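K.L.:
Questions regarding the structure given below will be posed in turn.
2 protein chains.
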Amino acid sequence: MIDIIRTLDLGAELPSENALRAQLGVSRTTVRKVLAGMSARGIIISEAHRRIIREQPRQKERYPKKETLAISEQVETSFMEWMLRGDACPGTEINEAELARKFGVATTIVREFLNRFQKYGLIEKRQNAGWVFKGFTASFALELFEIREMFEMRSARLFAALPDGSPVWKQIQSMRAAHLELLADIDARFQDFSELDSRFHRLITAVAPNRFIESFQDVIAMVFHYHYQWNKRDERARNEVAIKEHLALIEALESRNIALIDRACRLHLTSARETLLHSIA
Amino acid sequence: MIDIIRTLDLGAELPSENALRAQLGVSRTTVRKVLAGMSARGIIISEAHRRIIREQPRQKERYPKKETLAISEQVETSFMEWMLRGDACPGTEINEAELARKFGVATTIVREFLNRFQKYGLIEKRQNAGWVFKGFTASFALELFEIREMFEMRSARLFAALPDGSPVWKQIQSMRAAHLELLADIDARFQDFSELDSRFHRLITAVAPNRFIESFQDVIAMVFHYHYQWNKRDERARNEVAIKEHLALIEALESRNIALIDRACRLHLTSARETLLHSIA
DNA sequence: CATATGTTTCTTATGTATAAAAAACGGGGG
DNA sequence: CCCCCGTTTTTTATACATAAGAAACATATG
Chain A
1 MIDIIRTLDL GAELPSENAL RAQLGVSRTT VRKVLAGMSA RGIIISEAHR RIIREQPRQK
61 ERYPKKETLA ISEQVETSFM EWMLRGDACP GTEINEAELA RKFGVATTIV REFLNRFQKY
121 GLIEKRQNAG WVFKGFTASF ALELFEIREM FEMRSARLFA ALPDGSPVWK QIQSMRAAHL
181 ELLADIDARF QDFSELDSRF HRLITAVAPN RFIESFQDVI AMVFHYHYQW NKRDERARNE
241 VAIKEHLALI EALESRNIAL IDRACRLHLT SARETLLHSI A
Chain B
282 MIDIIRTLDL GAELPSENAL RAQLGVSRTT VRKVLAGMSA RGIIISEAHR RIIREQPRQK
342 ERYPKKETLA ISEQVETSFM EWMLRGDACP GTEINEAELA RKFGVATTIV REFLNRFQKY
402 GLIEKRQNAG WVFKGFTASF ALELFEIREM FEMRSARLFA ALPDGSPVWK QIQSMRAAHL
462 ELLADIDARF QDFSELDSRF HRLITAVAPN RFIESFQDVI AMVFHYHYQW NKRDERARNE
522 VAIKEHLALI EALESRNIAL IDRACRLHLT SARETLLHSI A
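Protein chains in written order, with the numbering used here: chain A, 1 to 281; chain B, 282 to 562.
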């Protein structure tokens with residue numbers, strides 16, 4: 001809301017609650033609550049049927065990040081930190097109540113998180129007896145990449161069969177541009193790669209949608225997002241190599257030559273796997 | 282406990298609490314509670330340091346099935362019924378509170394169930410806005426089988442590379458025997474196939490363990506278990522065909538001929554897919 | 001001293017209550 | 001009749017409370 005107001009002038013009238021609702025992607029109830037808050041702080045004046053901007057909100061008026069995050073998201077972050085900081089070794093038993101205490105949240109939320117987190121294959125539930133952390137181990141990485149290879153090779157191959165008119169070719173073009181841009185400025189922006197990587201692989205996978213493959217992408221994204229947040233070693237070099245491999249794969253895809261595609265794809269996945277294994281050991 | 286007592290004579294002494302605990306696979310707390318119940322009903326007499334059987338428990342003494350099932354399991358059954366009875370069509374919005382009311386359980390449990398159930402790909406969560414049932418549709422079946430084919434072909438191929446001395450060859454032998462037995466008595470026992478099917482596919486998959494593949498087996502097992510519980514059409518014939526296909530695959534595996542294995546595996550999966558599609562339409 | 005049972009403590013499983021957000025309802029003005 | 005806003009209802013998100021089960025500790029007995 002602050003961002004919206006900053007595009008308007010002092011004394012201007014705010015859009016209707018419904019317009020704001022649509023723009024912000026939340027319910028009108030929430031919009032009204034925020035408006036009430038701004039009214040109370042003197043940022044806007046609520047008259048009958050309209051609201052006038054009285055003064056520009058300052059940046060420090062923003063709610064602190066922590067207050068705007070759902071508790072469930074905070075739990076996710078806390079848990080990942082706990083796991084990747086190395087407090088946990090393979091076989092560690094996970095205690096719902098203890099985690100809840102440690103993170104300062106209700107047990108219900110921890111429990112719900114663990115249930116959702118189960119799909120990543122890092123923890124396992126035992127009836128009436130809590131959870132076991134299986135460890136972020138080499139075998140985890142190997143199993144992950146075995147599936148990843150099957151899925152991505154499948155999608156990459158399906159790419160070659162796409163008609164010339166398909167809009168994905170445009171998307172691939174702009175994907176290449178994004179990679180080249182990042183590569184040109186790699187020293188400063190190497191940390192932006194993680195997000196580009198995820199987008200690239202999702203684009204390839206999306207040619208022939210399959211809900212199970214898409215769901216597996218979440219696993220991969222989680223692993224890379226969090227793992228490399230705690231393992232910065234060689235990050236710049238690692239990402240540079242990956243970008244070049246992506247560019248090679250893009251070229252192969254555009255050639256429509258299955259053998260070429262297979263090779264580029266496998267090359268990239270092998271290198272990504274080795275990098276991950278290396279960083280675990 | 283009733284089953285254990287029935288193997289003993291009147292007046293005999295029960296094993297120690299610890300022995301019972303180990304035998305029943307529960308905690309001693311639970312054993313003690315059951316023993317207290319039996320004492321109250323006059324089935325056993327608790328003396329200092331031992332318990333004597335006073336009269337044989339009758340079958341109706343057993344707790345009704347419903348009381349021994351965890352609420353979470355009851356919710357699963359209720360939900361499957363709701364879904365497969367056809368009360369829900371694709372796109373139906375799922376309401377936690379309403380389901381809880383309908384099933385007569387707490388909302389927490391329904392919520393937890395939906396979270397776990399998510400992995401089956403039949404429902405989807407929308408932030409702050411409940412769940413959507415995506416439907417037990419043809420595209421669900423197709424996506425399911427696309428993955429299943431990848432996974433099973435992979436496992437079947439790895440089979441051929443196993444050394445002669447591997448214990449799986451014995452297991453395959455007894456698997457064949459189980460199939461032949463069932464086939465011989467197919468008219469009476471065709472409903473036993475579902476469980477054998479799951480065991481067979483899990484055996485094949487288990488040659489090279491991968492947690493993601495194993496987790497996917499749960500999806501398949503769920504689909505077949507529940508779907509065919511509500512779609513009995515052609516059940517006998519369907520299962521007979523599948524048994525024969527299994528036998529062919531077993532033979533192919535034992536031949537160690539990759540081409541043969543591939544063919545038998547694909548044949549079976551194709552036929553299973555068509556059967557499922559047919560039963561959905 | 002080893003094993004069995006009595007007792008206590010702690011954990012997970014389930015139920016209930018409240019807060020936050022979304023959706024529905026309804027009157028009023030253009 | 002349509003859009004806007006005030007209000008009410010409903011739903012999800014989170015916290016807290018209790019019951020069932022597991023594990024640990026303590027005591028007794030041969």
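Idealized CB from N, CA, C, for every residue including glycine.
Just so you know, these numbers come straight off a predicted model, no measurement behind them.
I want to verify the contact list: residues of chain A whose CB lies under 7 Å from the CB of Arg-492 (chain B), in sequence order.
P.N.:
Under the 7 Å cutoff, chain A gives Gly-121, Glu-143.
K.L.:
Can you check which of these residues, A:Ala-129, A:Met-150, A:Gln-191, is closest to Asn-231 (chain A) by C-alpha distance?
P.N.:
Looking at the Cα atoms, A:Gln-191 is the closest of the given residues.
K.L.:
Helix, strand or coil, according to DSSP, for Val-413 (chain B) in the structure here?
P.N.:
Strand at Val-413 (chain B).
K.L.:
Just checking: is the beta-carbon of Phe-222 (chain A) within a distance shorter than 8 Å of some beta-carbon in chain B?
P.N.:
Sequence check: residue 222 (chain A) is Met here, not Phe. No, because no Cβ of chain B sits closer than 8 Å to the Cβ of Met-222 (chain A).
K.L.:
Measuring CA to CA, which of A:Met-153, A:Ile-220, A:Asp-218 is closest to Ala-252 (chain A)?
P.N.:
The shortest Cα separation from Ala-252 (chain A) among A:Met-153, A:Ile-220, A:Asp-218 belongs to A:Met-153.
K.L.:
Under the DSSP definition of a beta bridge, which residues are partnered with Lys-406 (chain B)?
P.N.:
Lys-406 (chain B) is bridged to B:Trp-412.
K.L.:
So is Tyr-509 (chain B) buried or exposed if we call it buried at 16+ other beta carbons inside 10 Å?
P.N.:
Per the 10 Å Cβ criterion, buried.
K.L.:
Can you give me the Cβ contacts of Ile-109 (chain A) inside the same chain, cut-off strictly under 7 Å, excluding the 5 residues immediately before and after it?
P.N.:
Ile-71, Ser-72, Val-75.
K.L.:
Give the single residue among B:Ala-469, B:Ala-523, B:Phe-493, B:Ser-479 whose Cα lies nearest to the Cα of Ala-502 (chain B).
P.N.:
Comparing Cα-Cα distances from Ala-502 (chain B) to each of B:Ala-469, B:Ala-523, B:Phe-493, B:Ser-479, the minimum goes to B:Ser-479.
K.L.:
Just the Cα atoms here: how many angstroms apart are Trp-3 (chain A) and Arg-266 (chain A)?
P.N.:
Reading off the sequence shown, one finds Asp at residue 3 (chain A), where the question assumed Trp. For Asp-3 (chain A) and Arg-266 (chain A), the distance between alpha carbons rounds to 44 Å.
K.L.:
State the start and end residues of the unbroken beta strand (DSSP E) segment that holds Ser-46 (chain A).
P.N.:
Note, Ser-46 (chain A): beta strand (DSSP E), 44 to 47.
K.L.:
If I measure Cβ to Cβ from Leu-260 (chain A) and keep anything under 6 Å in the same chain, skipping five residues before and after, which residues do I get?
P.N.:
Ala-252.
K.L.:
Could you give the uninterrupted runs of the alpha helix (DSSP H) lying entirely in the region 355 to 443 of chain B, keeping only those of 4 residues or more?
P.N.:
Segments of the alpha helix (DSSP H) lying fully in the region 355 to 443 of chain B: 377 to 384, 388 to 398, 419 to 441.
K.L.:
How many Å lie between Ser-447 (chain B) and Ala-487 (chain B) at the Cα?
P.N.:
Approximately 13 Å between the Cα atoms of the pair.
K.L.:
Provide the residue(s) that pair with Glu-294 (chain B) in DSSP beta bridges, ordered along the chain.
P.N.:
Looking at the DSSP assignment, Glu-294 (chain B) forms a beta bridge with B:Ile-333.
K.L.:
Which of the three DSSP states, helix, strand or coil, is assigned to Val-223 (chain A)?
P.N.:
Correct three-state label for Val-223 (chain A): helix.
K.L.:
Hey, how far is the Cα of Ala-489 (chain B) from the Cα of Leu-439 (chain B)?
P.N.:
Distance between the alpha carbons of Ala-489 (chain B) and Leu-439 (chain B) is about 7 Å.
K.L.:
Beta carbon of Thr-1 (chain A), beta carbon of Met-431 (chain B): below 8 Å?
P.N.:
Reading off the sequence shown, one finds Met at residue 1 (chain A), where the question assumed Thr. No, Cβ-Cβ distance for Met-1 (chain A) and Met-431 (chain B) is not below 8 Å.
K.L.:
According to DSSP, is Val-307 (chain B) part of a helix, a strand, or is it coil?
P.N.:
If DSSP states are grouped into helix, strand and coil, Val-307 (chain B) belongs with coil.
K.L.:
By Cβ distance, which residues of its chain are closer than 8 Å to Gln-23 (chain A), with the 5 residues on each side in sequence left out?
P.N.:
Excluding positions up to five away in sequence, the list reads Ile-4, Pro-15.
K.L.:
Using beta carbons (cut-off 8 Å, strictly below), is Ser-552 (chain B) in contact with chain A?
P.N.:
No, Ser-552 (chain B) lies away from the interface with chain A (no Cβ there is under 8 Å from its Cβ).
K.L.:
Please classify Leu-196 (chain A): is it buried, with 16 or more other beta-carbons within 10 angstroms of its beta-carbon, or exposed?
P.N.:
That one is buried.
K.L.:
With 8 Å set as the bound, which would you pick, yes or no: does the beta-carbon of Ile-147 (chain A) sit closer than that to a beta-carbon of chain B?
P.N.:
By this cut-off, Ile-147 (chain A) is an interface position.
K.L.:
Under 8 Å between C-beta atoms, does Glu-377 (chain B) make it to chain A?
P.N.:
Not closer than 8 Å to any Cβ of chain A, the Cβ of Glu-377 (chain B) fails to qualify, so no.
K.L.:
Taking CB distances under 8 Å as the criterion, tell me whether Thr-373 (chain B) reaches chain A.
P.N.:
Not an interface residue.
K.L.:
Starting from the C-beta of Thr-137 (chain A), find all residues in its chain whose C-beta is less than 8 Å away, skip the five residues before and the five after it, and write them out in chain order.
P.N.:
Cβ within range, chain order: Pro-90, Ile-280.
K.L.:
Taking DSSP as the reference, what is the three-state secondary structure of Asn-239 (chain A)?
P.N.:
Three-state DSSP puts Asn-239 (chain A) in a helix.
K.L.:
Which same chain residues, not among the five before or five after Leu-443 (chain B), have their C-beta less than 8 Å away from its C-beta?
P.N.:
For Leu-443 (chain B), where only same-chain residues beyond five positions count, the Cβ hits under 8 Å are Val-449, Trp-450, Val-488.
K.L.:
For Arg-332 (chain B), which of B:Glu-298, B:Ile-375, B:Lys-341 has the nearest alpha-carbon?
P.N.:
Of the candidates B:Glu-298, B:Ile-375, B:Lys-341, the one whose C-alpha sits nearest the C-alpha of Arg-332 (chain B) is B:Glu-298.
K.L.:
At a Cβ cut of 8 Å, what residues of the region 98 to 119 of chain A count as close to chain B, listed as they run along the chain?
P.N.:
So the close ones are Thr-108, Arg-111, Glu-112, Asn-115, Arg-116, Gln-118, Lys-119.
K.L.:
Using the three-state DSSP reduction, which class does Gly-165 (chain A) fall into: helix, strand or coil?
P.N.:
Of the three classes helix, strand and coil, the one that applies to Gly-165 (chain A) here is coil, per DSSP.
K.L.:
Any Cβ of chain B within less than 8 Å of the Cβ of Ser-78 (chain A)?
P.N.:
It does not; no Cβ of chain B falls within 8 Å.
K.L.:
Give a yes or no on whether 8 Å exceeds the smallest Cβ distance from Ser-215 (chain A) to chain B.
P.N.:
Yes - at least one Cβ of chain B is within 8 Å of the one on Ser-215 (chain A).
K.L.:
If contact means a Cβ-Cβ distance below 9 Å, which residues of the region 430 to 463 of chain B contact chain A?
P.N.:
Residues Met-431, Phe-432, Arg-435.
K.L.:
Going straight from the alpha carbon of Arg-335 (chain B) to that of Arg-322 (chain B), what length do you get?
P.N.:
If you take the alpha carbons of Arg-335 (chain B) and Arg-322 (chain B), they lie about 10 Å apart.
K.L.:
Tell me which residue opens and which closes the alpha helix (DSSP H) that Phe-193 (chain A) is part of.
P.N.:
Where Phe-193 (chain A) is concerned, the enclosing alpha helix (DSSP H) stretches over 193 to 205.
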